[in-house]
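K.L.:
To start, I am sharing the structure in question, which I have written as structure tokens.
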Amino acid sequence: MIAGIWAHYDDDLLFAVPTIDEAILAGHGVRQLFLTASDAGSGMSPYVDARETGIRAAYDVMRGSATAWSDRRTVLSNGVAVTTTSPDDDPRISLSFLRLPDGGLTGGGWYATGYRTITKLLRGEVSSLTTLDTGQDLTVAKLITTIAAFVADAGATAVLTIVPDFAEASEGDHPDHSGAGRLVAAAVDTGLLDGSIVRYAVGYPGHTWPANLDDGAVARKLAVFAAYGAHDAVLRRDTEAYLALPGVRDWLRREHLIDDHDIVRASEPHSDPSGGDGAAARHATVAGDA
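See below:
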């Protein structure tokens, strides 16, 4: 069982396929938790609804079926509620939406969602974030336990996320991406997650890493991503055009995953925005949002 922790609805598709696709094809379960509503400052809106439809469509390609999906409210073992959607004919797969505000490319957020973002939360500039759909107030500490509860409740034997903001391979990434990775790393460092099962996908900076997918893998990844993109008003274009789109064209040709033990932590804590024992503090200097 793979559990993924992602900032936005397409992060898994761009940065952790073919790994996720191969797991589904091999019959394994996949549980994904998306931290933000991927709303680009629109709040709960038709744009969010469309992106959520798109991520379902991408998983339909991976599982080889287009039957209906059903939504339900799930309360995790730490008490936090998420919206979970699953294909009616394939309980191996579920997507869970926490729907925190999207931080934007600068991590500064938008007027419509109060300029409250994961980046600001991790910097200690705000004390909590409120989910856009359910009004739950979540601190850094609560987000860390939410991630740990999601992984435990899934019975995951592997965890995927994006490189945390304190790691060298995060430089230039969207701050929501690297913030999600930082929260996962903090769960490892507090003993809530087993680091031996955690791998971090290289996000935006991966365009400078070697292309490592063959033509068949690129074609498959393109088909998966295009199924999503058909529902995203910002990205939508003809399928082959994604291979010419700056950034996307590079990520479609790559997948680079780093084991947790290869992610270097700072030796000394700076501050602890979680109010905890300092584990999150080892990643307290946040530089910087897909």
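For the sequence shown, position 271 (counting from the first letter as 1) is numbered 271 according to the UniProt record's numbering, and the numbering increases by one without interruption. Note that beta-carbon positions come from the ideal geometry of N, C-alpha and C, so glycine has one too.
Thinking C-alpha only, which one of Thr119, Arg116, Ala158, Arg254 is nearest Arg31?
P.N.:
For this step, residue 31 is matched to residue 31 along the sequence shown. Checked all of Thr119, Arg116, Ala158, Arg254; the closest Cα to Arg31 is Ala158.
K.L.:
If we call anything under 9 Å between Cβ atoms a contact, is Asp189 one with Pro175?
P.N.:
Residue 189 sits at position 189 when you count from the first residue of the sequence shown. Residue 175 sits at position 175 when you count from the first residue of the sequence shown. No, they are not a contact pair.
K.L.:
What does the alpha-carbon distance come out to for the pair Pro269 and Gly247?
P.N.:
Position 269 of the sequence shown, counting from 1, holds the residue named residue 269. Position 247 of the sequence shown, counting from 1, holds the residue named residue 247. For Pro269, the pLDDT reaches just 38, beneath the cut-off of 50, and the residue's location in the model is therefore unreliable, leaving the point undetermined.
K.L.:
Quick check on DSSP: helix, strand or coil for Arg254?
P.N.:
Against the sequence shown, residue 254 aligns to sequence position 254. Looking at Arg254 - three-state DSSP - the assignment turns out to be coil, as it is neither helix nor strand.
K.L.:
Tell me the start and end of each unbroken beta strand (DSSP E) in the segment 15–81 that is at least 3 residues and wholly inside, in chain order.
P.N.:
Those beta strand (DSSP E) runs which fall completely within the segment 15–81 and span 3+ residues are 30–36, 69–75.
K.L.:
Can you list the beta strand (DSSP E) stretches of 3 or more residues lying completely in the segment 124–191, in chain order?
P.N.:
DSSP runs (the beta strand (DSSP E)) wholly in the segment 124–191: 158–162.
K.L.:
Sort out for me which residues DSSP pairs Arg199 with in a bridge.
P.N.:
One-based indexing of the sequence shown puts residue 199 at position 199. DSSP lists Leu160, Asp259 as partners of Arg199.
K.L.:
Can you give the Cα-Cα distance for Asp89 and Ala68, rounded to whole angstroms?
P.N.:
Within the sequence shown, numbered from 1, the residue matching residue 89 stands at position 89. Within the sequence shown, numbered from 1, the residue matching residue 68 stands at position 68. Between Asp89 and Ala68, the C-alpha separation is close to 8 Å.
K.L.:
Rounded to whole angstroms, what is the Cα-Cα separation between Gly216 and Leu252?
P.N.:
Position 216 of the sequence shown, counted from the start, is the residue given in the question as residue 216. Position 252 of the sequence shown, counted from the start, is the residue given in the question as residue 252. About 12 Å.
K.L.:
Please classify Ser86 as buried or exposed, where buried requires at least 16 other C-beta atoms within 10 Å of its C-beta.
P.N.:
Reading the sequence shown from its first residue, position 86 is the one you call residue 86. Burial call: buried.
K.L.:
Taking only three categories from DSSP, how would you classify Thr106?
P.N.:
One-based indexing of the sequence shown puts residue 106 at position 106. In the structure shown, Thr106 sits in coil (DSSP, three-state: anything other than H, G, I, E or B).
K.L.:
I need the DSSP call for Leu95, collapsed to helix, strand or coil.
P.N.:
Translated into the one-based positions of the sequence shown, residue 95 becomes position 95. Of the three classes helix, strand and coil, the one that applies to Leu95 here is strand, per DSSP.
K.L.:
Would a C-beta distance cut-off of 9 Å place Asp153 and His8 closer than the cut-off?
P.N.:
The count along the sequence shown starts at 1 and reaches residue 153 at position 153. The count along the sequence shown starts at 1 and reaches residue 8 at position 8. For Asp153 and His8, no; Cβs fall outside 9 Å.
K.L.:
Less than 9 Å between the C-beta atoms of Ile2 and Met62, yes or no?
P.N.:
Along the sequence shown, read from residue 1 onward, the residue named residue 2 stands at position 2. Along the sequence shown, read from residue 1 onward, the residue named residue 62 stands at position 62. It is not a contact, given that the beta carbons lie outside the stated cut-off.
K.L.:
Going by other Cβ atoms of all chains shown within 10 Å of its Cβ, with 16 needed for buried, is Ala266 buried or exposed?
P.N.:
Looking up residue 266 in the sequence shown gives position 266. Exposed: under 16 other Cβ atoms inside 10 Å.
K.L.:
According to the Cβ coordinates, are Leu193 and Leu257 closer than 9 Å?
P.N.:
Residue mapping note: residue 193 aligns to position 193 of the sequence shown, counting from 1. Residue mapping note: residue 257 aligns to position 257 of the sequence shown, counting from 1. Contact flag unset, no.
K.L.:
When you compare each of Asp214, Thr145, Ser42, Phe150 to Thr74 by their alpha carbons, which one comes out closest?
P.N.:
Translated into positions along the sequence shown, residue 74 becomes position 74. Cα-wise, what sits closest to Thr74 is Phe150.
K.L.:
What would DSSP say about Ala233, mapped onto helix, strand or coil?
P.N.:
Counting from 1 along the sequence shown, the entry for residue 233 is found at position 233. Coil, per DSSP.
K.L.:
Taking the alpha-carbon positions, what's the Ala112 to Glu125 distance?
P.N.:
Start at 1 with the first residue of the sequence shown, and residue 112 comes out as number 112. Start at 1 with the first residue of the sequence shown, and residue 125 comes out as number 125. Spanning the two alpha carbons is a distance of roughly 18 Å.
K.L.:
Does DSSP put Thr117 in a helix, in a strand, or in coil?
P.N.:
Within the sequence shown, numbered from 1, the residue matching residue 117 stands at position 117. Note: Thr117 maps to coil in three-state DSSP.
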